[in-house]
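Residue 12 in UniProt numbering sits at position 12 of the sequence shown; the count goes up by one each step and never skips. Yeah, the Cβ is synthetic: ideal placement off N, Cα and C, and Gly gets one too. For reference, the structure discussed in these notes is given below.
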Amino acid sequence: IQYTQLNTNDNTYLEWIDFNQFNLVKNTNKRGVFSSIYSAIWMEGPSWNLDEEAEVWTRNG
């Protein structure tokens, strides 16, 4: 996490997503040694486009 935070650029960065931003959360019934795997739809979607005039990222969800 620290490496990602210190080495971000315009195309790669770490973003925290709250659980309430997901829809259709389903257990895939696949398991790791210490985990269960789920699938979901991220309703807001990632930040894709930079509005350079307003200096904000817009989402495409």
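Just to confirm the assignment, what range does the beta strand (DSSP E) spanning residue i have?
i: Tyr13; result: Per DSSP, Tyr13 belongs to no beta strand (DSSP E) and is neither H nor E.
i: residue 72; result: No answer is possible for residue 72: it lies beyond the span of the chain, which begins at 1 and ends at 61.
i: Ala40; result: 36–42
i: Val33; result: Here Val33 belongs to no beta strand (DSSP E), and DSSP marks it neither H nor E.
What residue does the alpha helix (DSSP H) around residue i start on, and which one ends it?
i: Thr4; result: 2–6
Compare the Cα-Cα distances from residue i to each of the options and report the closest residue.
i: Asn20; options: Asp51, Asn49, Gly45; result: Gly45
i: Ser41; options: Gln2, Gln5, Ile17, Asn7; result: One point to set straight first is that residue 41 is Ile, not Ser, in the sequence displayed. Ranking Gln2, Gln5, Ile17, Asn7 by Cα distance to Ile41 puts Ile17 first.
i: Val25; options: Leu14, Met43, Thr4; result: Met43
i: Leu14; options: Gln2, Tyr38, Asn23; result: Gln2
i: Asn29; options: Asn23, Tyr38, Phe22; result: Tyr38
Using a Cβ cut-off of 8 Å (strictly closer), state whether residue i contacts chain C.
i: Met43; result: Reference to chain C is not applicable here, since this structure consists of a single protein chain.
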